[in-house]
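Trainee: Heads up: the protein sequence lines correspond to chains X and U, in order. With this note's numbering applied, the first sequence corresponds to residues 9 to 122, in that order. With this note's numbering applied, the second sequence corresponds to residues 202 to 310, in that order. Once you've had a glance at the structure underneath, I'll fire off some questions.
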Amino acid sequence: EAAVTQSPRNKVAVTGGKVTLSCNQTNNHNNMYWYRQDTGHGLRLIHYSYGAGSTEKGDIPDGYKASRPSQENFSLILELATPSQTSVYFCASGDGLGVRGEQYFGPGTRLTVL
Amino acid sequence: GQQVQQSPASLVLQEGENAELQCNFSSTATRLQWFYQHPGGRLVSLFYNPSGTKHTGRLTSTTVTNERRGSLHISSSQTTDSGTYFCAIGGTGGYKVVFGSGTRLLVSP
């Protein structure tokens with residue numbers, strides 16, 4: 009069973025503060041993704057990576073940075089958090105263009121920015 | 202960019218009824234995937250189905266790539282099927298995945 013974990017599971021931050029969301033996968037997948045989920049928008053892609061050292065912008069990258077220091081770890085960084093970034097954040101890993109191409113999701117992180 | 206439209210947005214069934222969820226996308230895609238989100242928030246992959254028909258239990262996924270559509274059929278629905286179903290697609294040659302807005306299903310006893 010593919011395994012993706014996220015930490016923290018819940019986070020309350022103040023406006024202007026720095027927030028780091030962490031994701032770890034033990035699937036040895038090349039690709040990792042960060043999404044946010046808001047009511048009425050489904051899941052929207054923030055950043056993704058196709059291997060250690062790479063990060064790519066998704067559809068809504070403004071206000072977010074990403075870091076992929078290793079195959080297993082992918083972080084999402086909010087340098088100056090704003091209330092509009094209050095959301096649920098999901099990390100995923102996947103095989104990319106391989107035969108399967110599935111994505112496996114972590115349990116999510118609920119972020120509240122006050 | 203790639204657009205993914207799901208219908209209906211919400212659906213209410215009596216237990217035992219069947220459901221048909223639709224997914225339409227704006228350009229040729231090589232990957233179509235269906236996800237189920239539990240009421241508590243956890244996302245699980247149901248099908249990775251780039252083309253053709255796949256079955257698992259009471260679920261059937263059909264993808265017709267050249268018609269830019271996919272469907273998820275749930276037969277003999279159960280209350281535990283309640284939750285939100287998402288269609289997601291990836292484009293040719295790319296790693297990005299785009300999600301639809303989901304279909305919220307409620308199955309009542």
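Ideal Cβ positions, reconstructed from N, Cα and C, are used throughout, including at glycine.
Does U/L247 pass the burial test, meaning 16 or more other C-beta atoms within 10 Å, or should it be called exposed?
Mentor: Numbered from its first residue, the second sequence carries residue 247 of chain U at position 46. By the 10 Å Cβ count, U/L247 comes out buried.
Trainee: With burial defined as no fewer than 16 other Cβ atoms inside 10 Å of the residue's Cβ, what is the status of X/T90: buried or exposed?
Mentor: Taking the first sequence and counting its residues from 1, the one referred to as residue 90 of chain X is at position 82. Classification of X/T90: exposed, given that the 10 Å Cβ count is below 16.
Trainee: Any Cβ of chain U within less than 8 Å of the Cβ of X/Q111?
Mentor: Position 103 of the first sequence, counted from the first residue, corresponds to residue 111 of chain X. Answer yes: the Cβ-Cβ gap between X/Q111 and chain U drops below 8 Å somewhere.
Trainee: Pick from X/R52, X/W42, X/H49: whose alpha carbon is nearest that of X/T63?
Mentor: Along the first sequence, read from residue 1 onward, the residue named residue 63 of chain X stands at position 55. Ranking X/R52, X/W42, X/H49 by Cα distance to X/T63 puts X/W42 first.
Trainee: If you draw a straight line from the C-alpha of U/S211 to the C-alpha of U/Q223, how long is it?
Mentor: Residue numbering aside, residue 211 of chain U sits at position 10 when the second sequence is read from its first letter. Residue numbering aside, residue 223 of chain U sits at position 22 when the second sequence is read from its first letter. Rounded to whole angstroms, U/S211 to U/Q223 spans 11 Å at the Cα level.
Trainee: Identify, in the order they occur along the chain, each residue of the same chain with its Cβ nearer than 6 Å to the Cβ of U/K255, setting aside the five sequence neighbours on each side.
Mentor: As a working mapping, residue 255 of chain U is identified with position 54 in the second sequence. Excluding sequence neighbours, U/K255 sits near F248, S262.
Trainee: Can you pull the chain U residues whose beta carbon is under 7 Å from the beta carbon of X/G50, in chain order?
Mentor: Working through the first sequence from its first residue, we reach residue 50 of chain X at position 42. Chain U residues near X/G50: F287, F300, G301, S302, G303.
Trainee: Check the Cβ of U/S246 against every Cβ in chain X and list those closer than 7 Å, keeping chain order.
Mentor: As a working note, residue 246 of chain U is residue 45 in the second sequence. Those are E110, Q111, Y112, listed as they occur along chain X.
Trainee: When the Cα atoms are used, what is the spatial distance from X/R108 to X/G102?
Mentor: What you label residue 108 of chain X is simply residue 100 of the first sequence in a count that begins at 1. What you label residue 102 of chain X is simply residue 94 of the first sequence in a count that begins at 1. Residue confidence is low: X/R108 scores 47 on pLDDT, short of 50, so the model does not pin down where it sits. No coordinate-derived value is stated.
Trainee: For the region 263 to 271 of chain U and the region 32 to 51 of chain X, state whether three or more C-beta atom pairs, one from each stretch, are separated by less than 8 Å.
Mentor: These segments do not touch.
Trainee: May I have the straight-line CA-CA distance separating X/S83 from U/G258, to the nearest angstrom?
Mentor: Against the first sequence, residue 83 of chain X aligns to sequence position 75. Against the second sequence, residue 258 of chain U aligns to sequence position 57. Spanning the two alpha carbons is a distance of roughly 36 Å.
Trainee: Where does U/T281 fall in DSSP's three states?
Mentor: Counting from one through the second sequence, the residue named residue 281 of chain U turns up at place 80. Here U/T281 sits in helix by DSSP.
Trainee: For X/G66, go through chain U and note every residue whose CB falls closer than 8 Å to its CB, in chain order.
Mentor: Along the first sequence, read from residue 1 onward, the residue named residue 66 of chain X stands at position 58. By Cβ distance, chain U contributes K297.
Trainee: Would a check of beta-carbon distances place X/H37 closer than 8 Å to chain U?
Mentor: Sequence index remark: in the first sequence, residue 37 of chain X carries index 29 (1-based). Judged by the 8 Å Cβ criterion, X/H37 is not in contact with chain U.
Trainee: Taking X/V96 as the query, report the chain U residues whose CB atoms sit under 8 Å from its CB, ordered along the chain.
Mentor: Locating residue 96 of chain X in the first sequence gives position 88, counting from the first residue. Result: G242.
Trainee: Looking at the strands, I want to know which residues DSSP matches up with U/L260.
Mentor: Counting from one through the second sequence, the residue named residue 260 of chain U turns up at place 59. DSSP, once it has assigned bridges, lists U/T257, U/I275 as partnering U/L260.
Trainee: Quick one, which of X/I54, X/A21, X/C99 has its alpha-carbon nearest X/L88's?
Mentor: The sequence position of residue 88 of chain X within the first sequence is 80, counting from 1. Of the candidates X/I54, X/A21, X/C99, the one whose C-alpha sits nearest the C-alpha of X/L88 is X/A21.
Trainee: Can you name the residues of chain U whose CB is closer than 8 Å to the CB of X/Y41?
Mentor: Taking the first sequence and counting its residues from 1, one reaches residue 41 of chain X at position 33. Per Cβ cutoff of 8 Å: V298.
Trainee: Within the same chain, show all residues whose beta-carbon is closer than 7 Å to that of U/D282, passing over the 5 residues directly before and after it, in chain order.
Mentor: As a working note, residue 282 of chain U is residue 81 in the second sequence. For U/D282, where only same-chain residues beyond five positions count, the Cβ hits under 7 Å are I275, L306, V308.
Trainee: Is there a Cβ from chain U that is less than 8 Å from the Cβ of X/P77?
Mentor: Taking the first residue of the first sequence as position 1, residue 77 of chain X is located at position 69. No, because no Cβ of chain U sits closer than 8 Å to the Cβ of X/P77.
Trainee: Residue range of the beta strand (DSSP E) that X/R76 falls in?
Mentor: Residue numbering aside, residue 76 of chain X sits at position 68 when the first sequence is read from its first letter. Run containing X/R76: none; DSSP gives neither H nor E here.
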